[in-house]
Each structure stands twice: as C-alpha cells, then as structure tokens.
Amino acid sequence: MTTTPAYAAQDATSPLAPFSIERRAPGPRDVQIDILYCGVCHSDIHQARNEWGGSIFPMVPGHEIIGRVSATGSDVGKFKVGDTVGVGCFVDSCRTCAQCEAGLEQYCAEGMTGTYSDRERGSDVVTQGGYSTRIVVDEDYVLRIPDGIPLDRAAPLLCAGITTYSPLRHFGVKAGDAVAVVGLGGLGHMAVKIAAAMGAQVTVLSTTESKRKDADALGAHDFAATGDGSVFKRLRGSFDFIIDTVSAQHDYNAYLGLLKVDGTMVLLGMPGPSPVSAAPLVVGRRRLAGSLIGGIAETQEMLDFCAAHGIASDIELIDIASINEAYERMLRNDVRYRFVIDIASLK
Ligand code: NAP
Ligand code: ZN
Ligand code: ZN
176 MTTTPAYAAQ
186 DATSPLAPFS
196 IERRAPGPRD
206 VQIDILYCGV
216 CHSDIHQARN
226 EWGGSIFPMV
236 PGHEIIGRVS
246 ATGSDVGKFK
256 VGDTVGVGCF
266 VDSCRTCAQC
276 EAGLEQYCAE
286 GMTGTYSDRE
296 RGSDVVTQGG
306 YSTRIVVDED
316 YVLRIPDGIP
326 LDRAAPLLCA
336 GITTYSPLRH
346 FGVKAGDAVA
356 VVGLGGLGHM
366 AVKIAAAMGA
376 QVTVLSTTES
386 KRKDADALGA
396 HDFAATGDGS
406 VFKRLRGSFD
416 FIIDTVSAQH
426 DYNAYLGLLK
436 VDGTMVLLGM
446 PGPSPVSAAP
456 LVVGRRRLAG
466 SLIGGIAETQ
476 EMLDFCAAHG
486 IASDIELIDI
496 ASINEAYERM
506 LRNDVRYRFV
516 IDIASLK
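Quick note: to get my numbering, add 175 to the position in the sequence shown (first position is 1).
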C-alpha cells in the first residue's frame, strides 16, 4: 500500500479538501501510474453532490486521468515503466458477459467498476479517482496515449472525448450529415471537434450568444442561441442527428422537433428527469437514444483518431486548490471548455 495525497468530498454538501488515500501495491496484472493531469467532468459534480444517489464518501473524484507508468506487475505485457497512459471512467468489469466480450465494457451485465465512488470487484475496497497523485489499474483498463497530443489537453479525451465519439460512430454519422450539438461545455466542445473531423455539418445550440465566436473557432459551421425561442421554429426539421450534452433539466421535446424525419437525438447529459411526449417522436419517425462513454478498444480508437486529426481539448489548467471554484464556474456555464488539474500542485 502507498499513502497517496488526494482531494476528496467528505459528504454531499462539503467542499472538496485535502485527503489521504491508500493505493494497493501493484498485483501481477496491475500498472501503477503517477498522475500528471486530471480533467474535471460535470459528472464529478453530480457525484460529489450525490445528485444521482448512491455516492460513496469520502470520494476522490476524477476520471479523465493522464499519467506515467511508474511500476508494473510481473505479468503486465502491454505497458512498461515510463509509458504515457490514460485511465477513463471505469477500471474493471466482469470480462465474460456478452457486452464485455464485444468490447462494450461500459454496459457490463454485472456493472462496470467506476474509477471512483464504486467498489472493487468482489471486495469492499472503495475506488478513488484522479484528483490524486497515483492510481493502480489492471492493464486491460489502461489506455495508451499516442504521441502528438499535449498531455494536459489529452486528459479530457478519456471521458468527454470518448462519450461524444462513441455515439457519433455508433449511429453512423458521416460526411455531410447535419449534426446539432446542444450545450457547449466539456462534452459539447469535443462533440463539435470530432463531428467536424468526421465531415459533418455542425450547428451549436447554446443557451446564449456568448459562445458564438468560440463555436466557429472550434469548427462549427453554424450557431444558434436557444434563449431566443424562435430558433425552435426556424430550425424545425433541420438535423439528421442531435447530440444533447446539457447537464441541467430542459425540455427534450423542443429539441426533438428540430430533427428531420428518421433523425436521432442522443442524450449524453444526465440531469434529473424531464417528460418526453410521444408526438415529436411519432410525427417524423424520430428516435431518442442515450449513450454511455465507450469501451476500452473504442477509447483507444478515439485517441488514435484525435492524434491523427490534431484534436485535443481546449482547457484551462488549474491548481487543485481551485477545484471548488472550478465547480462553481462550471455550474455558471463559465468554462472554456474543460478545467484540467495540474496534479503537480498536489504534491
Ligand atoms: P459542462 O462542461 O458543465 O457543460 C454543460 C453545458 O450544458 C453548459 O456548458 C451549457 O452550455 C449547457 N447548459 C447548462 N445548463 C443548461 C440549461 N439549463 N439549459 C440548457 N443548456 C444548459 O458539462 P459536461 O462535463 O460537458 O457534462 C455534461 C453532462 O453530460 C453532465 O450531465 C454529465 O454528467 C454528463 N456526462 C455523461 C456521460 C455519458 O457517458 N453519457 C459522460 C460524461 C458526462 P451552453 O453554455 O452552450 O448553453
Ligand atoms: Zn465524465
Ligand atoms: Zn461484463
């Protein structure tokens, strides 16, 4: 066991504060990673504040982890000391169910093991995430970071990147498709970059005008502020695909009306419940779907895709001491476009 500095939430209402955790000594198949950077996902806020229920405290959040391998177990074959690696939203799964065998570990029949706020398989040991200096993970759940992506800007790919890449691929978005991205935050800005790299015509639907210029710089072809409700009339029936990354409750029905016949809206954001009417689905044979992060093989594919297309996250690098302020700024839509913690500030 090694004592590891971290930042943790002690309960759902306290700010995050310095904390110490124990990491296991690497087992035969484990990779020990000294963490360099960790992205700050809105899911960290949802979980640190127990907005989904079931949170385990004390909680060290963080599932957009980049680091260097500092030790390997005797049976590790994929990584060696010094390699630059990543860890995303899960660190284990059953490995034998149909989904695990298909590379869809995130939908494991026995439940994936979350990187934090979860329990290791077959034990009571609580998993703790990347707002810490070190993590130990089975090599099958570790990603290789390709050369060419700046490491701080690579961290958000481990969640925001794969969460947007996976549905774009799964639902077959192709060159020329009209894609709307709802919500220009961490997930949204990655969706814009990746969809544009796939050749789609991308429109950003944001609550206010304030991100119009940024959307253009990120590669979007069009922009509309939804605060002006006339947008829902003007853009009716415009999109083949809508990717909804909004973190707060909003009216799905209004957005469904923006799909073409046979269009698909995929929910990625996970706010509380919001009613869905049959009418906008029935009238237009439209589909409403959801999607959860992505499997290990697809995450590697996404990282390689991003390296090949020169894609990385637009980040604001922060010290760990600013984490509570960063959460408040995310809740005010004041992030351009991902906070990433410089873990050197924790040592
Ligand atoms: P974020 O960086 O905070 O961005 C969320 C964006 O939603 C904001 O920038 C804002 O964009 C928009 N928004 C916020 N409140 C809104 C409102 N009331 N009405 C309309 N739009 C609003 O969050 P994130 O890290 O991208 O995460 C987004 C959501 O995805 C969270 O719920 C998170 O838990 C979830 N998530 C899901 C998965 C998955 O696997 N499905 C993975 C990661 C995260 P504008 O300023 O452009 O309006
Ligand atoms: Zn996340
Ligand atoms: Zn499984």
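The beta carbon of each residue, even a glycine, is placed where N, CA and C say it ideally should be. Fair warning: this is a prediction, and the values are worked out from it, not measured in the lab.
Taking the Cβ atom as the reference point for each residue, do F407 and T439 lie within a distance shorter than 8 Å?
-> Position 232 of the sequence shown, counted from the start, is the residue given in the question as residue 407. Position 264 of the sequence shown, counted from the start, is the residue given in the question as residue 439. Taking 8 Å as the Cβ cut-off, F407 and T439 do not qualify as a contacting pair.
Would you check whether ligand 1 has a heavy atom nearer than 7 Å to the C-beta of H221?
-> The residue labelled residue 221 in the question sits at position 46 within the sequence shown. Distances taken from the Cβ of H221 to the heavy atoms of ligand 1 include one shorter than 7 Å.
Closer than 6 Å by C-beta to E491: which residues in its own chain qualify, once you throw out the five before and the five after it? Chain order, please.
-> For this step, residue 491 is matched to residue 316 along the sequence shown. Closer than 6 Å at Cβ, skipping near neighbours: F514.
Should G261 and A329 be called a contact, given that it needs their Cβ atoms to be closer than 8 Å?
-> Looking up residue 261 in the sequence shown gives position 86. Looking up residue 329 in the sequence shown gives position 154. Contact: yes.
With hydrogens ignored, establish whether the beta-carbon of H238 is closer than 7 Å to any heavy atom of ligand 2.
-> Translated into positions along the sequence shown, residue 238 becomes position 63. Correct: H238 has its Cβ closer than 7 Å to ligand 2.
Starting from I220, follow the alpha helix (DSSP H) in both directions and report where the run begins and ends.
-> For the purposes of this step, residue 220 is taken as residue 45 along the sequence shown, with counting starting at 1. 217-223 is the extent of the alpha helix (DSSP H) around I220.
For Q376, which three-state DSSP category applies?
-> By 1-based counting over the sequence shown, the position of residue 376 is 201. Here Q376 sits in strand by DSSP.
Is S218 near ligand 2, with its Cβ less than 7 Å from a heavy atom?
-> Locating residue 218 in the sequence shown gives position 43, counting from the first residue. Indeed, a heavy atom of ligand 2 lies less than 7 Å from the Cβ.
Verify the contact flag: A464, CB atom, against every heavy atom of ligand 1, threshold strictly below 7 Å.
-> Looking up residue 464 in the sequence shown gives position 289. Not so, every heavy atom of ligand 1 lies at least 7 Å from the Cβ.
With respect to the alpha helix (DSSP H) encompassing C275, which residues constitute its N-terminal and C-terminal limits?
-> Position 100 of the sequence shown, counted from the first residue, corresponds to residue 275. The continuous alpha helix (DSSP H) containing C275 extends over residues 273-276.
Three-pair Cβ contact test at 8 Å for the region 478-488 versus the region 395-415 | Between the region 478-488 and the region 395-415 there are fewer than three C-beta pairs closer than 8 Å, too few to call the two in contact.
So does T338 have its beta carbon nearer than 7 Å to some heavy atom of ligand 1?
-> One-based indexing of the sequence shown puts residue 338 at position 163. T338 Cβ: within cutoff of ligand 1.
Distance cut-off 7 Å: C264 Cβ against heavy atoms of ligand 2 | Here residue 264 is taken as the residue at index 89 of the sequence shown, counted from 1. Taking 7 Å as the cut-off, one finds at least one heavy atom of ligand 2 near enough to the beta carbon of C264.
Would you list the residues sitting across from L359 in a DSSP beta bridge?
-> To locate residue 359, count along the sequence shown from 1; it is residue 184. DSSP lists no bridge partner for L359.
Please confirm whether T382 and G404 have their CB atoms less than 8 Å apart.
-> Locating residue 382 in the sequence shown gives position 207, where the first residue counts as 1. Locating residue 404 in the sequence shown gives position 229, where the first residue counts as 1. For T382 and G404, no; Cβs fall outside 8 Å.
Cβ of H425 versus every heavy atom of ligand 1: is any distance shorter than 7 Å?
-> The residue you call residue 425 lines up with position 250 of the sequence shown. Flag set: Cβ of H425 near ligand 1.
In terms of alpha-carbon separation, which member of A400, G447, H364 lies closest to A423?
-> Within the sequence shown, residue 423 is the residue found at index 248, counting from 1. When C-alpha distances from A423 are compared across A400, G447, H364, the shortest belongs to G447.
Could you pull out every residue in the same chain whose Cβ sits closer than 8 Å to the Cβ of Q222, ignoring the five residues on either side in sequence?
-> Against the sequence shown, residue 222 aligns to sequence position 47. Contacts found: S230, M234, P236, Y291, S292.
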